[in-house]
Ligand code: ADP
Ligand code: MG
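Structure representation (structure tokens):
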């Protein structure tokens with residue numbers, strides 16, 4: 001069984017550079033700073049401020065996509081294999097990382113209306129449902145989608161119409177399926193159209209309330225989650241379920257948030273915006289390093305949600321996006337370093353086989369239960385019918401549900417007619433006492449009511465059964481595949497070519513490494529002169545390499561110093577604010593009130609934050625009101641009240 005095979009594989013990292021645009025051209029010197037070698041999968045970065053003699057920086061990735069790259073190329077080469085794995089029951093993640101305006105959203109979503117420009121997500125939708133429509137008919141599928149956003153360290157459910165008014169959702173952990181979001185809406189999708197509607201709904205919810213959509217999307221992380229459950233009978237005759245979970249992630253812009261001159265709420269906000277991304281960076285560093293035992297997943301919502309995707313049970317693709325403009329050299333270099341580090345992360349993907357929480361299993365059981373109930377009802381009413389009139393109903397209608405339903409309807413109509421006739425007869429009976437008449441009529445009335453209720457209940461049950469059953473997709477059945485044979489052939493060819501390109505690049509990269517390492521060791525020299533020449537060449541090469549690495553070390557150090565300074569600055573600001581709050585507490589809140597409040601605080605380790613226990617019974621205190629006031633008001637509005645003892649505030 002594949003699930004036993006705990007092989008490890010690294011995170012795939014690809015880099016994409018968007019075309020130069022007018023803004024780039026008008027803001028800086030013309031010409032890009034990013035060059036790409038598609039065959040080798042290399043990015044060559046030119047430092048616009050460095051002298052021409054300084055060697056350029058070269059990075060190698062699993063694949064690179066330049067300004068001319070097509071959405072389809074990226075999908076076929078770098079995403080398709082991942083989605084295939086998800087369909088086979090693996091967890092898969094693809095995330096877009098990069099500075100705002102470099103093409104994360106273009107890569108993930110693209111232009112929905114233009115078939116050439118559709119991004120990873122719409123292509124994945126097509127891929128998943130086409131796969132289901134072409135699979136064998138003994139397979140049953142259940143596809144679900146969720147859509148969430150992390151903004152200021154709060155998780156917002158984009159499919160919940162009320163998400164704007166409620167508190168952020170909480171994370172929970174479960175040994176079987178890992179970290180999940182509690183109460184997250186999940187929509188069963190039966191077709192491409194339905195899942196696109198879900199996506200649209202979420203995108204609209206995302207835009208609502210954002211005063212500036214560009215700014216909002218550059219500061220929030222969007223996660224679209226698809227779960228594909230597939231059941232298929234195994235050799236043992238039992239149905240086995242495989243569950244593939246796919247995370248499609250459009251991260252917040254990776255650029256540094258300017259913190260200078262920002263204070264108070266804005267400062268906290270700025271710190272929170274960066275929190276998830278810097279935590280992601282720390283997690284990647286810790287994993288790539290391999291030596292540090294502790295991986296700080298718990299530092300942010302994003303890293304907890306992506307825990308499986310980084311160093312865990314998942315196959316992961318990272319798309320790092322770059323802009324070619326020279327004024328963004330620093331950010332571009334940072335992105336490339338980040339991406340370069342991520343290559344070293346090892347994951348242990350395995351097929352999720354028969355997990356206890358598979359929804360498909362629950363659905364199958366519920367469908368079987370409803371079916372049994374329905375059959376029982378039908379059998380019962382059939383018996384009644386046979387008792388009522390001995391002329392025998394059509395025996396072989398059993399099994400054909402429509403027939404059975406029709407029959408039941410006819411039976412109810414006939415029964416109603418019969419009861420109506422009986423009632424008429426009672427009404428017309430002149431020898432019966434009025435009282436007796438009334439009683440008999442009531443009885444018939446009740447029988448009619450019962451009959452209708454029974455019929456209604458059956459109808460409801462049938463509707464429920466049908467609704468439930470319609471959620472499951474059967475291989476090769478529910479979705480009609482309009483593609484003709486020729487198109488299918490073309491698709492296959494394209495996939496083969498993509499596979500070929502990938503293999504060739506791998507070989508090229510290996511040859512390159514071997515060239516550097518071994519070739520010259522085996523060389524024999526015919527003359528001393530020749531040996532000197534060869535060794536001088538080699539020396540020059542190595543010297544250049546040394547210079548590169550030295551520059552690299554300098555750069556990394558500079559970066560370290562910069563982020564350290566920023567952290568220190570944030571720390572100073574926060575300490576200042578803390579002192580200010582302490583000052584207020586000490587001057588305005590009597591110690592016993594303070595203690596009361598302190599006692600109400602509990603730490604929620606799951607959420608990693610402090611919570612306020614509600615007062616039981618609801619009792620109000622000056623200190624409490626003051627504290628609420630303090631928490632809700634800008635500190636600048638508070639007047640120094642030292643001359644007014646707090647008790648006077650009553
Ligand atoms: P991000 O999501 O990273 O902030 P966007 O995806 O919004 O960036 O891209 C910024 C702009 O650049 C958009 O107008 C987008 O259409 C364009 N763009 C990005 N990548 C490409 C590309 N590969 N080809 C053509 N246009 C692109
Ligand atoms: Mg975007």
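Residue numbers (UniProt numbering): 1 to 650.
Note that beta-carbon positions come from the ideal geometry of N, C-alpha and C, so glycine has one too.
Everything numeric in this text was worked out from a predicted model, so none of it was measured.
- Within the region 252-323, the complete alpha helix (DSSP H) segments at least 4 residues long are 264-289 and 301-305, listed from N- to C-terminus.
- Between residue 187 and residue 159, the beta carbon gap of about 6 Å places them in contact (Cβ cut-off 8 Å).
- The C-beta distance from residue 80 to residue 495 rounds to 7 Å, short enough to meet the 8 Å contact threshold.
- CA-to-CA, the gap between residue 465 and residue 503 works out to about 49 Å.
- Secondary structure remark: continuous beta strand (DSSP E) runs of at least 3 residues inside the region 540-582: none found.
- As for any alpha helix (DSSP H) of minimum length 4 sitting wholly inside the region 107-171, the runs are 120-134, ordered along the chain.
- For the ligand MG, a non-hydrogen atom lies closer than 7 Å to the CB of residue 105.
- Residue pairing from DSSP places residue 233 in a beta bridge opposite 239.
- Between residue 36 and residue 66, the C-beta spacing is below 8 Å.
- Residues of the same chain with a CB within less than 6 Å of the CB of residue 147, apart from the 5 flanking positions on each side, are 158, 159, 202 and 224 in chain order.
- The alpha-carbon separation between residue 238 and residue 386 amounts to approximately 38 Å.
- Fewer than three Cβ pairs drawn from the region 176-183 and the region 447-463 lie within less than 8 Å of each other, which leaves the two stretches out of contact.
- Segment contact: the region 343-360 against the region 127-135, fewer than three CB-CB distances shorter than 8 Å; contact not assigned.
- Boundaries of the beta strand (DSSP E) around residue 180: 178-181.
- Within the region 56-111, the runs of alpha helix (DSSP H) that reach at least 4 residues and sit entirely inside it are, in chain order, 71-74, 80-87 and 104-108.
- The C-beta distance from residue 249 to residue 78 rounds to 15 Å, too long to meet the 8 Å contact threshold.
- DSSP, reduced to helix, strand and coil, places residue 8 outside both helices and strands of the structure shown, so it counts as coil.
- Taking C-beta separations shorter than 8 Å and ignoring five residues to either side along the sequence, the partners of residue 381 in its chain run 408, 411, 454 and 458, following chain order.
- Residues 504, 505 and 508 of the same chain have their beta carbon placed closer than 8 Å to that of residue 39, with the five preceding and five following residues left out of the count.
- Around the CB of residue 556, fewer than 16 other CB atoms lie within 10 Å, so the residue is classed as exposed.
- The alpha carbon of residue 125 has as its nearest neighbour, out of 101, 137 and 87, the alpha carbon of 87.
- Between the alpha carbons of residue 101 and residue 323 lies a distance of about 8 Å.
- For residue 36, there is no enclosing alpha helix (DSSP H); the enclosing beta strand (DSSP E) covers residues 34-37.
- The residue among 539, 528 and 532 with its C-alpha nearest the C-alpha of residue 516 is 539.
- Two segments are said to touch when three or more pairs of C-beta atoms, one from each, lie closer than 8 Å; by this definition the region 112-125 does not touch the region 269-278.
- Using a cutoff of 7 Å, the CB of residue 98 counts as near the ligand ADP, since one of the ligand's heavy atoms is closer than that.
- The Cβ-Cβ distance between residue 229 and residue 82 does not fall below 8 Å.
- Here residue 122 is buried, its C-beta having at least 16 other C-beta atoms within 10 Å.
- Around the beta carbon of residue 587, fewer than 16 other beta carbons lie within 10 angstroms, which makes this residue exposed.
- Residue environment analysis places residue 578 among the exposed positions, since fewer than 16 neighbouring C-beta atoms fall within 10 angstroms of its C-beta.
- For residue 611, the uninterrupted beta strand (DSSP E) run begins and ends at 609-612, by DSSP.
- For residue 191 and residue 446, the gap between their C-alpha atoms comes out near 46 Å.
- Counting only residues of its own chain and dropping the five nearest sequence neighbours on each side, residue 611 has a CB closer than 6 Å to the CB of 602 and 604.
- Taken atom to atom, the span from the alpha-carbon of residue 287 to that of residue 297 is near 10 Å.
- C-alpha of residue 531 to C-alpha of residue 541: approximately 15 Å in a straight line.
- Of the other Cβ atoms in all chains shown, 16 or more fall within 10 Å of the Cβ of residue 342; this residue is therefore buried.
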